[in-house]
Structure formats: structure tokens, C-alpha cells
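Taking my numbering, the leading residue of the sequence shown gets 19, the next gets one more, and so forth.
Beta carbons: idealized from backbone N, C-alpha and C, even for Gly.
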Amino acid sequence: MDIYIKPNEKITITGRKIVYLKDVGEIWIPGQTTASLENLVVYQIPEDTEKTYLISVIDIIKAITLKFPDATVNNVGEMDILLTYQKQYKQQNKVWLYSKIVFISLILFTGASTSIMSFHSDAQIPKIFQNYYYIFFGEYNDMPLILAIPYTIGLAIGIILFFNHFSKIYVTKDPTPIEIEMTTYEKETNTSIIDALNRKQKSGE
């Protein structure tokens, strides 16, 4: 019997210390139901402490082959699974959440504005506009709004297109640069945690 498993990279268990195979990821048995495997215990949380544990796919395969000795287990997912244990469900504080959003938005807005103004200062954009105005209209203008306003509008449109969405309206279905960076950051963080937990296990800590 062939059994295919696709473990997730990270899972969260709340309120119980028993981890079943269905909690870890997807299961598929060609031509058969997976009900006999879904409630198979693959890990038991050893402590009553909220922390992150590491489950190896080898442990999952061992648990499956103990129940089905003749089965061939094929792993098509992660090799290591991060398990986060919580004693109880934590309801997110919306006031704190929105406060963080506002704070981070202010930092990003201030940083982006400073970067744009610094670039304009270094590139002498106002001087360039004055020169363009003189070339086209034959006179000097300290603040040629006919050039500055379209440039400002174009800059805003360019930023919206670059970040791929404005508010909840997406320009395309592709992920935004921020979403890509957050995904990369999450993957690198998970990899670092897995490496640290593997080192602890090997050292017997």
C-alpha cells in the first residue's frame, strides 16, 4: 500500500498535547480512504509550556509503518515541521493590532518620504524642472507647477503600480513586493528555527 504525505512547514496546536497525522498535513492513499490514518498519533507534546517543537518526517514515517508495516510512505512535503503549542486560544487585541498598523504605517510613510525628498535633493529635480520650463517656454520659473503637478501624480501612480494594489483593490493577481519580502522573511525565520532546534536535539539539550 502506497501512502503519500505532505507535511506543512509550520503548524499550531491549541489546548491539547496529542498531535494527529491530520494536524501535520495532507494524506492520500490511492484508491482508499484516509480515515484510518487521520487520527494516528504522530507526536505527543512533552511539556505543559508554550513553546515551539520540532517534528521530523522520520518520526511520522515510523508512526505510520508501526500501524501499517507493509506500507510504503512517500513524503512530498517538508522534512521538518515546526510545532507551536498554545495552552489556549489567544484572541487578538484589535486595539493593539490597529495601533501597530498605524505605527508601522507612519514609520514607512516617513521613511519613504525622506528617501524621495533626499533623492530629489541629490538629483536637483527642481533645477531640472526650471531648465525644462525655460527650454519649452523661454522664461524662468522658480516653481513650474505645469511640470511639478504631473510629475507628482505620475510618482504616486508609479508607487501604486509597483506595490500592486491600492487599499483593497489589486492591480494584478501577482503578490506585491511587500508580500514577497514577508514570505521570504518567514521562510528564512522558519529555517533558522529548524536549524537551531536540530542543533539542540543533536547536543541533547
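Inset, instruction - Give me whichever residues DSSP pairs with D98 in a beta bridge. - result: S74
Inset, instruction - Ignore the nearest five residues each way along the sequence and tell me which others in T67's own chain have a CB closer than 8 Å to its CB. - result: Here the set comprises Y103.
Inset, instruction - Helix, strand or coil for Q219, going by three-state DSSP, please let me know. - result: Look at Q219 here: in three-state DSSP terms it is helix.
Inset, instruction - Specify the secondary structure class of E44 as computed by DSSP and reduced to three states. - result: strand
Inset, instruction - Within its chain, find whatever has a CB closer than 6 Å to the CB of E44; leave out the 5 residues flanking it on each side and keep chain order. - result: Short of 6 Å from the beta carbon of E44, and not among the five residues preceding or following it, lie these beta carbons of its own chain, in chain order: K24.
Legend entry - Under 9 Å between C-beta atoms of Y22 and P64: no
Inset, instruction - Could you tell me which uninterrupted beta strand (DSSP E) segments, each at least 3 residues in length, are contained entirely in the region 123-158, listed from first to last along the chain? - result: Given a length threshold of 3 residues, the region 123-158 has no whole run of the beta strand (DSSP E) inside it.
Legend entry - Inter-residue CB distance, V42 and I99 (contact presumed, cutoff 8 Å): 6 Å
Inset, instruction - Verify whether the separation of the beta carbon atoms of L101 and K28 is less than 9 Å. - result: yes
Inset, instruction - Please confirm if the region 164-179 is in contact with the region 137-156, defined as three or more CB-CB distances below 8 Å between the two stretches. - result: Verdict: yes, contact present.
Inset, instruction - In the DSSP assignment, find the unbroken alpha helix (DSSP H) run with T170 in it and report its ends. - result: 163-181
Inset, instruction - Tell me, to the nearest whole angstrom, how far the beta carbon of I212 is from that of L72; I am working on the premise that it is less than 8 Å. - result: 6 Å
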